[in-house]
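Here's the structure, in structure tokens; my notes come after.
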Amino acid sequence: MLPFARVTIIGIGLIGSSIARAVRARMPTVRLTGFDADRQVRA
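Quick look at the structure:
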């Protein structure tokens, strides 16, 4: 069992997206959510 079921990343720029990819690679069943205030990043 994983220590948590959800991960939220605030700021999905270069670092945030890298963290998201690492989380997804290491824990594929975790629910991953990201948010960024910049609309261009969210697109």
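Heads up: the sequence shown at position 24 corresponds to 24 in the working numbering, and the numbers run straight through without jumps. Cβ coordinates follow ideal geometry from the N, Cα and C atoms, glycine included.
### Task
Could you tell me the boundaries of the beta strand (DSSP E) in which ILE9 lies?
6-10
### Sheet register partners of LEU32 (DSSP bridge)
VAL7
### Pair within 9 Å by beta-carbon distance, PHE4 and VAL30
yes
#### Entry: Cα-Cα separation between ILE19 and ASP38, rounded to whole angstroms
18 Å
### Task
Could you say which of ARG6, LEU14 and LEU2 lies nearest to ASP36 if we only look at CA atoms?
LEU14
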